[in-house]
Amino acid sequence: MFLLCAVCVGVCVLGALGSLPQALPWHVPCPGRCVCHIKPWFSPDSVYHEAPTVDCNDLLLTGLPWPLPFGTHTLHLQGNNLSEMDAGVLHGLPNLTDLDLSQNHFSHVRAIAQNLSLPSLLSLHLEENHLSHLPEASFSSLLALQELLLSHNNLCSIAPGAFTGLSSLLRLHINNNRLTTINPMWFGPLQNLEVLMLGGNPVETLPEQGFLALKSLRSLILGGMGLRGLADNALDGLEGLESLSFYDNLLIKVPSRALRRVKGLKFLDLNKNRIKVINTGDVRDMVHLKELGLNNMEELMSIERAALENLPELTKLEITNNPRLSFIHPQAFAQLSRLESLMLNSNCLSTLHHRTMSSLPRLQEVSLHSNPLRCDCLFHWRTSRVVRFIQPQATLCSEPPELKARRVREVSSGEMSASCLPTIPTASLPSNVGVREGGKLLLHCRALADPQPQLYWVTPSGLRLGPASGNASEGAPASSVTAPEGIAESSASMLRVETSLKVMESGEHYAILSWQNRRNYPSTRLSWQAVSSDAPAYSTRILAGTHSFNLTHLQAGTFYRVCLHLGTSEGSKHNSKRSKASRKPQCISFRTKQVAEPRASLQLSPELTSTAATLLMILVLILMLLAGQGWDSGKHPSALFQEIKSHKSLVIMQKTHGSNKNQPKRSEKLLFHHDC
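Residue numbers (mature numbering (1 follows the signal peptide of the UniProt record, and there is no 0)): -18 to -1, 1 to 658.
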């Protein structure tokens, strides 16, 4: 919230200057192309001056202009091509208090500050140069310096004693550089420092007690650093700190213990972090806190009971642009007796509970526009409290249907229902949940209603988890806590992935699938589809207790994707679209076998094989009969041979598959040697 404070100061200053001339002519010899005039100027400690100024900005200078008027107070050299300094040109300027060298080409500090003696210099601007390192005693000759601006350089290292001699320094800006660590020794000589900007450096961890030397620090900017957490003693020693910004970091929870050690904190900026829940006591006992920002958090879902407690001086609370924030506990704000402005626009809130409003007796304005508001009995406070709506024309009812698009301010209490049915905001539920086998899973369910609702969880197997429920089956303990206002938390440890789908065997036109699961889920379904753009999808129900299935009528050499859906049923009246989408099926992909290539071979049909066997047996019998007759009658073997030749030759046809070139001869004659 320091940025808001700085803007406010700027507006006040501009308002004060509105009655003063912005620039007056300064009648002195002025360097060529430069402009000399008298302009209002505020010192780093906010003291107003009418400063003789030489303005040489954006002239593409490669050297200092000369001669400079003796009485020069402010010298502007921004946006030139300077890479070195001629100290002799500036030695004749005893009144020089503000030197702006930003947006030049300086790469070494020695080229700027070496042999530079400017006893009156209060402010030195070196932003957007090419500095990469600050050596020891970099600015020791500038003993009066109060403001040193080094942001947007390439600083990756700073010597421990780089700021030696700067005991008068009030403001130090080293943000948006390449520093990866914060060395507490840097701050030893800076006992009077009031403003420190460190944001924009890739520092993931702050050192413990790293700011002990900064007893006078009032504002600390730590935005955009990638901070994931904060040690409990990281902010020790900051006794005078009033403004603290953690904007755009990676914090997953409020660093409560570290914050409570900063007793005088007035402005706290936690915007744009990864905090999901503001838990009970996260912002507690910060008795001087005046403004708190919890904006632009994409993962923030809920603010719990007494999350903000005992903040007696808090006057402005901003909780805006959090797209998943759908629940604020009716007693989330405890002992905020001076809160005047409550900004809750652009969230996913359906209501602001009347108990919340009754806990804020001094509230004067509230911003609720750009929320899906449900105008029912929980909104009855609107007619009993005189609270100003910010952008009332955009503060509209989304439900019930008969009040949709009506302005909340214009809906009377008689039009609102006397009772409020519970509604579970879907934005607070994750679209999908992943957990390792044997890991833990914490699920939150939130609902507001009047009278208070009772919430419980139902597992896919039908097990109901609610208040005082026992342990889940199969040794997986689960607990559910339901508070009077209808808050339910279900925590199931040892949640196991109990199903693993496998292909046990596959062929050209079939695949045998198998899976193992400990529970018999109802309404289990198996779906499969060929992996192509125009392939139809198929599905079938699986009986409880079944652990395998044979897919048939598949196409050979084709990729298929098969999914096993546990505990779901198409068209079930009890399953919402979101619950279907959040259940992730077990899926695998496989490919059926290719059709085997045919081989050319000699094959006889069964009919031909049987005929050939019969003819062969007949031939053997004839030969045996003739042979017996020949030996009995005393015939010579040659005569027998001649007799056999007179018979018709036996022809056997063979049938083959394939090309004609592989077919054997159409016939083979049975020939006998004379020895037979």
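Think of the CB as a built atom: it goes at the ideal place given N, C-alpha and C, for glycine as much as any other residue.
Computed from a prediction, not measured in an experiment: that's the story for all the values here.
Check residue i in the structure and name its three-state DSSP category.
| i | result |
| --- | --- |
| L632 | At L632, the pLDDT of 39 sits below 50, so the modelled position is not reliable and the matter cannot be decided from this model. |
| E397 | helix |
| F361 | helix |
| P619 | Low confidence applies to P619: its pLDDT is 46, below 50, so where it sits in the model is not reliable enough to give any reading. |
| G70 | helix |
| W497 | strand |
| M207 | coil |
| F88 | coil |
| T146 | coil |
| E384 | helix |
| T408 | helix |
| T528 | coil |
| V177 | strand |
| P374 | helix |
| H336 | helix |
| M486 | strand |
| L103 | coil |
| L440 | Leu is not the amino acid found at residue 440; the sequence shown has Val there. Correct three-state label for V440: strand. |
| residue 726 | What the structure shows of the chain is the stretch from -18 to 658, and residue 726 is not part of that stretch, so it cannot be assessed. |
| S190 | Correcting the residue type first, residue 190 is Glu in the shown sequence and not Ser. Correct three-state label for E190: coil. |
| A431 | strand |
| F121 | coil |
| E300 | strand |
| T574 | coil |
| I156 | coil |
| F169 | helix |
| V415 | coil |
| I604 | helix |
| residue 721 | Since the first and last residues shown for the chain are -18 and 658, residue 721 lies out of range. |
| I94 | helix |
Tell me residue i's beta-bridge partners as DSSP assigns them.
| i | result |
| --- | --- |
| H58 | D37 and D82 |
| C545 | S509 and C569 |
| C138 | Paired residues: none, contrary to the question. |
| A519 | Q511 |
| Y30 | F24 |
| F249 | S225 and E273 |
| S349 | M325 |
| R356 | E381 |
| A316 | E291 |
| T534 | Y492 |
Taking the alpha-carbon positions, what's the residue i to residue j distance?
| i | j | result |
| --- | --- | --- |
| H311 | L293 | 17 Å |
| H90 | L132 | 12 Å |
| L250 | E176 | 17 Å |
| D214 | N183 | 21 Å |
| V29 | M207 | 32 Å |
| F169 | F145 | 8 Å |
| L194 | L124 | 24 Å |
| D68 | L217 | 42 Å |
| H87 | L161 | 20 Å |
| N158 | R523 | 60 Å |
| L106 | N77 | 14 Å |
| S149 | E66 | 26 Å |
| L276 | L196 | 27 Å |
| T187 | I164 | 9 Å |
| V485 | G421 | 27 Å |
| L241 | L212 | 10 Å |
| I285 | N261 | 6 Å |
| N353 | R256 | 21 Å |
| E281 | N39 | 45 Å |
| T540 | V513 | 8 Å |
| F572 | S488 | 9 Å |
| Q636 | A517 | Only weak support exists for where Q636 lies, its pLDDT of 40 falling under 50; the value from the coordinates is given anyway. Approximately 46 Å between the Cα atoms of the pair. |
| L252 | V265 | 11 Å |
| R15 | D80 | 20 Å |
| V393 | T297 | 28 Å |
| L116 | I140 | 5 Å |
Contact check, residue i vs residue j under 8 Å by CB: the rounded distance?
| i | j | result |
| --- | --- | --- |
| L203 | M179 | Note on identity: in this sequence residue 203 is Ile, with Leu being the wrong assignment. Indeed, because the Cβ distance is near 4 Å, the residues count as touching under 8 Å. |
| R153 | P51 | 27 Å between Cβ atoms; not a contact. |
| A376 | P404 | So it is not a contact: roughly 27 Å between Cβ atoms. |
| L42 | N63 | 6 Å |
| V71 | L46 | 4 Å |
| F121 | L127 | 6 Å |
inquiry  = Below 8 Å, how does it come out for the region 50 to 62 and the region 27 to 36: are there three or more Cβ pairs, yes or no?
reply    = Touching, per the Cβ criterion.
ask   = Does the region 379 to 386 come within contact of the region 335 to 351, defined as at least 3 CB pairs closer than 8 Å?
value = These segments do not touch.
inquiry  = Any contact between the region 295 to 311 and the region 323 to 333? By contact I mean 3 or more CB pairs, one from each, below 8 Å.
reply    = Touching, per the Cβ criterion.
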